[in-house]
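Take the sequence shown: its letter number 114 is residue 185 in the working numbering, and every next letter is one higher.
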Amino acid sequence: MHYDDLVDLLVEKIKSLDYVKDFQQAETALMANQELFKAQEEMKALQKEAVLYQKIDKIQAYKKTSQSAQVIEKRIKHHPLVDDYATKLEDVNDLVQYITGELEEKVNLLLETGE
């Protein structure tokens, strides 16, 4: 089998796992929630603004903007969709790290043996 075919096969196998499918559903639900999306965009804008204020020594503006961003972050962080997404992301992340580690180990072994 060709390398690209093997990679495609691995990707399909990963996509077929139940917890990967669950993660994809959680991601879709999260992305579809316009309220959360807008809140996240607002939080990012406030965080950038806070950094700018900090750089130009506008301490009061920095504190106020930073606090506003933190309030939004706390509200977003505890939303059920975000909680669900984060939990499922952790599982998928563990899988990706495992696969990456296994591939790295096998490649290093092949390089050592000269195959």
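Here a beta-carbon is modelled for each residue, glycine too, at the ideal position from N, C-alpha and C.
With valine 153 and leucine 101 assumed to form a contact (beta carbons below 8 Å), what rounded beta-carbon distance in angstroms separates them?
7 Å
From which residue to which residue does the alpha helix (DSSP H) around serine 87 run?
Where serine 87 is concerned, there is no enclosing alpha helix (DSSP H), given that its DSSP letter is neither H nor E.
Selected residue, minimal CA-CA separation from glutamate 113, among Arg146, Met72, His73, Asp75
Arg146
Kindly indicate which residue of Val122, Ala110, Thr99, Asp93 has the alpha-carbon position closest to the one of valine 163.
Asp93
Where does the unbroken alpha helix (DSSP H) through lysine 145 begin, and where does it stop?
130 to 148
According to DSSP, is isoleucine 127 helix, strand or coil?
coil
Alpha carbon of isoleucine 130 to alpha carbon of leucine 160, nearest angstrom
36 Å
What is the rounded straight-line gap between the Cα of alanine 132 and the Cα of aspartate 79?
51 Å
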